[in-house]
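Chains A, B, C and D, in that order, give the protein sequences.
Residue numbering for the first sequence follows the working numbering, starting at 47 and increasing by one per position.
Residue numbering for the second sequence follows the working numbering, starting at 47 and increasing by one per position.
Residue numbering for the third sequence follows the working numbering, starting at 47 and increasing by one per position.
Residue numbering for the fourth sequence follows the working numbering, starting at 47 and increasing by one per position.
Have a look at the structure below before the remarks.
There are 4 protein chains.
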Amino acid sequence: MTAPEGVKAARTVCLDDVRAAAEAALGTGDWDFVEGGSGTEAVLAANRAAFADVALVPRVLTGVAEADTGARMIRSDAAMPVAVAPMAYQRLVHEDGELATARAARSAGVPFVVSTLSSHRVEDIAATGATTWFQLYCLRDRGKNHELVARAEAAGCEALMVTVDVPLMGRRLRDVRNGFALPDHVRAANLDTGPGTEAHRRFGGASALAVHTSAAFAPGLSWRDLADLRGRTSLPLVVKGILDQRDARAAVDAGADAVVVSNHGGRQLDGAVPSVRALPAVAEAVSGDCEVLLDSGVRSGTDVLRALALGARGVLLGRPVLWGLAAGGEQGVDQVLALVRTELAQSMTLAGCADVGAVAGLRTERMWAHA
Amino acid sequence: MTAPEGVKAARTVCLDDVRAAAEAALGTGDWDFVEGGSGTEAVLAANRAAFADVALVPRVLTGVAEADTGARMIRSDAAMPVAVAPMAYQRLVHEDGELATARAARSAGVPFVVSTLSSHRVEDIAATGATTWFQLYCLRDRGKNHELVARAEAAGCEALMVTVDVPLMGRRLRDVRNGFALPDHVRAANLDTGPGTEAHRRFGGASALAVHTSAAFAPGLSWRDLADLRGRTSLPLVVKGILDQRDARAAVDAGADAVVVSNHGGRQLDGAVPSVRALPAVAEAVSGDCEVLLDSGVRSGTDVLRALALGARGVLLGRPVLWGLAAGGEQGVDQVLALVRTELAQSMTLAGCADVGAVAGLRTERMWAHA
Amino acid sequence: MTAPEGVKAARTVCLDDVRAAAEAALGTGDWDFVEGGSGTEAVLAANRAAFADVALVPRVLTGVAEADTGARMIRSDAAMPVAVAPMAYQRLVHEDGELATARAARSAGVPFVVSTLSSHRVEDIAATGATTWFQLYCLRDRGKNHELVARAEAAGCEALMVTVDVPLMGRRLRDVRNGFALPDHVRAANLDTGPGTEAHRRFGGASALAVHTSAAFAPGLSWRDLADLRGRTSLPLVVKGILDQRDARAAVDAGADAVVVSNHGGRQLDGAVPSVRALPAVAEAVSGDCEVLLDSGVRSGTDVLRALALGARGVLLGRPVLWGLAAGGEQGVDQVLALVRTELAQSMTLAGCADVGAVAGLRTERMWAHA
Amino acid sequence: MTAPEGVKAARTVCLDDVRAAAEAALGTGDWDFVEGGSGTEAVLAANRAAFADVALVPRVLTGVAEADTGARMIRSDAAMPVAVAPMAYQRLVHEDGELATARAARSAGVPFVVSTLSSHRVEDIAATGATTWFQLYCLRDRGKNHELVARAEAAGCEALMVTVDVPLMGRRLRDVRNGFALPDHVRAANLDTGPGTEAHRRFGGASALAVHTSAAFAPGLSWRDLADLRGRTSLPLVVKGILDQRDARAAVDAGADAVVVSNHGGRQLDGAVPSVRALPAVAEAVSGDCEVLLDSGVRSGTDVLRALALGARGVLLGRPVLWGLAAGGEQGVDQVLALVRTELAQSMTLAGCADVGAVAGLRTERMWAHA
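Encoded structure:
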């Protein structure tokens with residue numbers, strides 16, 4: 047990995063420009079880790095196709111001069127209905143790692159979700175002043191697990207987001223082919239793991255991260271574990287990785303404040319339904335009893351509009367943020383978040399939506415796919 | 047931009063031939079301004095795909111020897127159910143600009159819609175003898191706005207077409223990348239702007255036209271503004287830029303004589319529904335209470351037939367007219383309008399339709415898409 | 047055009063092989079005349095896509111050792127539910143023209159439809175001993191028209207097939223670009239036209255055949271004309287070129303013995319519905335009151351099976367027969383018809399269908415398209 | 047055919063890697079025999095597309111740490127719901143032929159289906175210790191037929207799988223073009239045919255195997271033949287090659303213990319419906335009265351999950367097993383079966399399914415196709 051000098055402003059008019067800069071800035075193994083999906087990577091393509099398939103029906107003459115993108119998600123106010131998705135090991139793509147990303151999130155007024163596997167400590171990230179939510183992978187060592195939650199609370203994280211779609215790590219064939227492993231300077235800072243853990247060793251024909259995931263994370267999570275967590279924290283509880291509406295309903299019953307409709311960016315179950323396709327049924331199932339967020343495939347402000355029109359209250363933005371970080375550090379992320387906000391604000395205005403609440407009233411139409 | 051010597055007749059058998067000649071005649075920046083769309087330009091492709099998706103079911107033995115393409119739109123008689131769409135700054139692609147286009151429209155017997163941003167004055171354009179309708183972008187300066195309407199009426203324009211889908215100009219990335227700005231000799235003649243206005247200055251990483259639009263046009267238009275306009279003119283009032291059937295119904299209630307189902311040729315909301323896809327619901331919603339026109343994606347006489355079969359009374363033809371103008375001035379536009387009329391007449395005859403009224407009775411079938 | 051020495055047997059395992067040989071044998075202008083469609087040629091592609099979209103659900107254990115492909119269409123017995131479609135000017139692709147094609151049809155036991163515009167006289171074609179049906183383009187000169195019908199009857203033609211989808215000839219852009227005209231030795235033998243008629247003159251930017259069609263054929267045909275014909279002949283009357291079920295019903299009411307669901311091989315209305323897509327509704331509308339045949343896009347015995355499963359009693363095979371003729375004269379057509387029969391017989395056997403009647407009971411499923 | 051040294055472990059992360067190794071290991075004629083389909087080979091593509099079209103909706107927090115892939119199919123226990131499909135002449139791709147494949151099946155704990163046309167004797171294959179089922183092509187010589195069944199029973203085969211979709215061999219154009227014939231050392235060992243039979247002779251423009259099939263197999267099989275077989279053996283009876291739900295029901299009525307929904311890997315009826323598309327209706331029709339297996343297009347453990355979610359109890363895996371055999375003999379097949387099991391186990395875990403029974407409760411969604 048090389049730390050690039052920043053995204054050239056003149057050429058950056060959409061997120062794909064940032065993507066190209068990021069690909070140029072990273073070595074193959076790191077780029078593949080960021081971009082890759084599991085198995086055939088069909089879900090990566092399907093996530094994008096499912097967004098593109100949603101046509102928006104704009105309204106006119108609604109008196110909107112400039113849309114207000116302000117949002118409130120999980121008791122946090124935000125400048126737009128976007129949060130930075132939890133992503134592991136951000137120092138892999140830029141030496142400043144999560145500190146840069148969190149600072150950019152703070153500047154942009156959006157929440158930053160701290161990954162359990164962040165390469166800076168949650169305390170240091172929270173100290174950037176960003177609104178932070180803590181993403182939890184339940185650890186085999188339950189004591190450590192409770193300690194993590196307590197640390198997140200103490201650091202000022204304002205929500206606990208439990209990832210429920212990683213009973214094991216999806217087979218990401220690029221990483222397997224590359225024998226991907228973390229470099230020494232990148233580590234799971236919250237877990238006090240140093241170089242020399244599984245995540246850093248090279249395995250023949252396997253991803254070091256998959257080995258590490260299997261070693262560190264608790265297998266066999268159940269709704270009981272969620273209920274236990276619910277009882278241990280007063281933070282809003284967010285369940286990330288829901289695609290079946292029955293599970294969304296169960297999350298409500300377990301006391302969740304929000305669910306994230308997600309297929310983990312196409313990195314877990316090969317063949318999984320695109321989250322944008324699963325969203326309407328989930329939104330209908332929870333029927334306002336908890337908030338519904340979405341991730342997996344958001345690549346523009348227009349995609350944010352689509353998600354909101356289909357029932358989401360906000361989205362998590364993943365890879366594009368990493369692209370910005372890889373291409374230009376904190377400034378690169380600034381640029382990504384500014385672009386998304388510009389796109390969203392203009393799209394809302396063009397769709398006649400004064401605020402995010404109005405977006406829910408937009409009609410959408412499937413362009414080509416079966417309903 | 048170079049003014050070409052005219053489209054070679056022998057090679058011009060369809061509009062794509064004219065398109066190729068236009069691309070050859072124009073510089074990249076101007077061509078991109080004409081052809082480009084907003085954002086991902088997915089709407090450009092979707093507009094075309096949505097037309098191609100409409101299969102026509104022709105009738106036979108109806109006694110039609112040669113179809114009559116004559117139409118009546120918005121109280122104007124026309125040789126075919128086609129009008130030249132309002133398009134700004136036509137001197138950009140040919141030195142004769144709107145005068146050439148309007149003369150060709152007069153020769154072809156079709157209405158010409160004068161853009162607020164035309165590069166000749168509405169009075170000069172109307173003096174060509176073409177049937178003219180005036181397209182209005184509501185100006186921030188309401189006095190000037192009323193003056194514009196009065197000038198259009200005085201010049202003999204026979205309808206007022208208010209564009210309602212430009213609360214701001216869509217982000218047209220080609221123009222942004224090109225730093226597109228108007229050359230000195232091209233100006234918004236109706237607005238008395240000279241070289242040196244925003245539309246002519248080069249901005250780093252922005253389209254000069256977007257800056258100018260933002261500066262000149264009134265933001266936050268509402269149905270009240272439309273009602274106000276309705277009260278100030280006795281001309282037929284046309285609302286251009288409707289995609290949601292609820293808005294179509296509101297336009298009727300506001301006293302509109304016609305609506306134009308349009309996504310602004312893919313230049314405004316990225317991800318907007320193709321107008322041809324939105325058309326049937328709009329036609330059903332207004333149920334004859336006002337006329338329904340359509341634009342965005344019409345590229346042949348067969349497309350006109352499709353639009354009529356789906357409920358439109360006529361269409362506005364945009365880019366193909368500019369192609370003709372770029373490729374051959376007035377004669378180039380003559381050729382475009384003649385081609386469309388030939389294609390329409392032959393298609394109507396082949397579909398067994400004696401006149402445009404009969405086209406409404408044709409069945410259509412979606413080829414591949416979900417209903 | 048060169049007369050090739052015959053299709054190489056070893057390489058000819060499917061109709062595409064014959065197509066390639068034909069393309070190699072013909073000059074561009076002639077090939078384009080055979081292969082081309084009207085306008086954008088989208089219908090050519092749609093015809094094929096619509097067939098490919100029909101999945102067949104075979105039956106098993108029905109006791110069929112070898113399917114009987116024998117058929118009865120329009121009171122004629124045939125070795126398979128296939129007739130050679132009416133195609134004009136066959137000497138264009140091979141010096142033996144219709145005589146070769148008809149002899150091959152006789153050998154294969156399938157009817158041959160003599161085109162009004164055949165390049166041999168109907169009497170000479172009928173003298174080959176093939177079962178012949180006569181295809182009629184109604185002429186402006188009604189006297190000549192009645193004479194043609196009388197000649198066809200006298201020559202022994204066993205059905206009269208009136209083409210109703212050519213009020214004018216579709217704009218076939220390849221022919222227009224090529225300025226296509228007939229060579230001197232090819233003429234409409236039934237009409238006593240010699241070299242020097244419109245069909246032979248080269249027009250700047252037009253197809254000579256389109257000019258000729260317009261000059262010779264009666265415009266404005268109506269159901270009255272059909273009724274008149276019905277009264278003038280005792281032959282079975284077939285109406286070719288139906289796509290709307292209402293017209294199919296009208297044909298029954300006018301005394302038609304059969305209709306041919308056809309879009310004229312994609313050569314007439316650009317944007318027309320594929321005939322295979324229109325077939326089920328037509329078959330349901332006539333409900334056994336007349337026979338239903340189909341053409342346009344049949345390229346294999348499996349396609350014949352598809353048509354029968356969707357309600358056709360038989361199909362007309364067009365371009366593939368011309369391919370055979372171009373590639374190898376009579377033997378080339380023998381090969382084409384033998385291939386189709388082999389494919390059909392094997393497909394029927396594999397689908398568990400003892401005879402063509404059983405095919406009607408097969409289920410089909412749309413693979414990708416909207417119903 | 048060359049016997050390769052084994053699949054390179056480092057590069058084999060999915061079945062496509064094995065496929066590439068197999069293609070490299072085999073000569074064109076043999077590779078075409080393995081890979082080819084009948085006619086246009088559209089069914090090959092459709093089989094794959096139909097699987098890819100099935101999106102899976104995973105469940106979460108079900109308490110599954112590691113899914114149990116164990117299955118029971120047709121009274122046999124298996125390590126996963128997969129059996130090796132019956133495939134003829136396996137010595138064609140590796141000198142060890144069925145003995146290698148069966149040994150790998152035994153190691154993997156999955157049933158091996160012995161083909162009537164296996165290139166080792168059923169007794170020798172059964173002696174490997176694998177769970178074997180015997181696939182029967184009914185022979186013209188009924189005495190030999192009964193003898194075959196008796197031999198299979200005596201050898202210890204645990205089920206009789208009658209193939210009903212080969213009243214004749216589909217026209218596999220690759221084999222026809224290649225004039226494909228068996229080399230001398232490969233023969234139908236169960237039928238005591240030596241080199242010099244039809245299967246070994248080269249025919250001009252025909253597949254030797256098609257000739258042999260026609261000569262050896264009984265034509266015109268009916269439900270009566272099935273009933274006769276039912277009466278002659280106490281083994282579980284499996285009917286392979288069902289696509290129409292009416293036939294599935296008839297199989298139940300004839301006493302079948304299971305049906306295999308199959309289009310014979312795209313090698314029989316060109317245009318046949320993909321088996322995965324036919325599966326739900328068949329599963330519903332038999333409604334638990336017999337087991338439902340599936341083959342044709344399974345290329346990963348995720349595909350197995352899809353089949354189970356749509357109503358299958360298990361699948362037969364065909365070409366991928368031959369790829370493994372071609373690329374690396376017994377070890378190559380070991381690798382294929384291990385990969386599929388890994389993929390299935392991980393997919394089940396990621397979908398929250400503790401065992402194969404739970405998979406039936408997964409929701410699926412069609413991504414693009416009409417229902």
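Backbone N, C-alpha and C define an ideal beta-carbon position, used for all residues, glycine too.
What would DSSP say about residue i, mapped onto helix, strand or coil?
i                 : result
MET119 of chain C : strand
ASP299 of chain D : helix
GLN181 of chain A : strand
THR395 of chain B : helix
PHE97 of chain B  : helix
ALA261 of chain A : helix
THR74 of chain C  : helix
SER321 of chain C : helix
GLY378 of chain A : helix
PHE158 of chain A : strand
For the alpha helix (DSSP H) containing residue i, name the first residue and the last one.
i                 : result
GLN136 of chain C : Where GLN136 of chain C is concerned, there is no enclosing alpha helix (DSSP H), given that its DSSP letter is neither H nor E.
VAL59 of chain D  : Counting along the chain, VAL59 of chain D falls outside any alpha helix (DSSP H), and DSSP gives it neither H nor E.
GLY277 of chain A : 269-278
GLY189 of chain A : 188-201
ALA415 of chain B : Element bounds for ALA415 of chain B: n/a, residue is neither H nor E.
With 7 Å as the threshold, decide whether the Cβ of residue i is near any Cβ in chain D.
i                 : result
VAL332 of chain A : no
ALA397 of chain C : yes
GLU51 of chain C  : Note on GLU51 of chain C: pLDDT 45, under 50, position unreliable in the model; the coordinate value appears next. Output row for GLU51 of chain C: interface = no.
GLY343 of chain A : no
THR74 of chain C  : no
Are the C-beta atoms of residue i and some chain C residue less than 7 Å apart?
i                 : result
ARG38 of chain B  : Nothing about residue 38 of chain B can be reported from this structure: the residues present for chain B run from 47 to 417 only.
ALA66 of chain B  : no
GLN392 of chain D : no
Using a 10 Å radius around the Cβ and a threshold of 16 neighbouring Cβ atoms, would you call residue i buried or exposed?
i                 : result
GLY74 of chain B  : Looking at the sequence itself, residue 74 of chain B is Thr, so the reference to Gly does not match. Exposed, because fewer than 16 other Cβ atoms sit within 10 Å of the Cβ of THR74 of chain B.
THR174 of chain D : buried
SER280 of chain B : exposed
SER84 of chain C  : buried
Mind checking which residues open and close the beta strand (DSSP E) that includes residue i?
i                 : result
ARG152 of chain C : Counting along the chain, ARG152 of chain C falls outside any beta strand (DSSP E), though it belongs to the alpha helix (DSSP H) covering 143-154.
If we define contact as Cβ-Cβ less than 7 Å, is residue i a contact residue for chain B?
i                 : result
ARG223 of chain C : yes
So, is the C-beta of residue i closer than 7 Å to a C-beta in chain A?
i                 : result
TRP414 of chain D : yes
GLY109 of chain D : yes
THR48 of chain D  : Reliability fails at THR48 of chain D, whose pLDDT of 37 lies under 50, so the model's placement of it is uncertain and the value that follows must be treated cautiously. Taking Cβ atoms only, chain A never reaches closer than 7 Å to THR48 of chain D, which makes this a no.
message: Using a Cβ distance threshold of 8 Å, determine whether the segment 81-100 of chain C contacts the segment 316-323 of chain C, with at least three qualifying pairs required.
response: Contact holds: three or more Cβ-Cβ distances are below 8 Å.
task: Would you be able to state if there are at least three C-beta pairs under 8 Å between the segment 260-273 of chain C and the segment 181-188 of chain C?
output: Contact between the segment 181-188 of chain C and the segment 260-273 of chain C is present, because at least three Cβ pairs lie under 8 Å.
message: Taking contact to mean 3 or more Cβ pairs, one atom from each stretch, closer than 8 Å, check whether the segment 217-227 of chain A and the segment 242-255 of chain A are in contact.
response: Yes: at least three Cβ pairs fall under 8 Å.
Cβ contact (3+ pairs, closer than 8 Å) linking the segment 329-340 of chain B and the segment 91-109 of chain B: Not touching, per the Cβ criterion.
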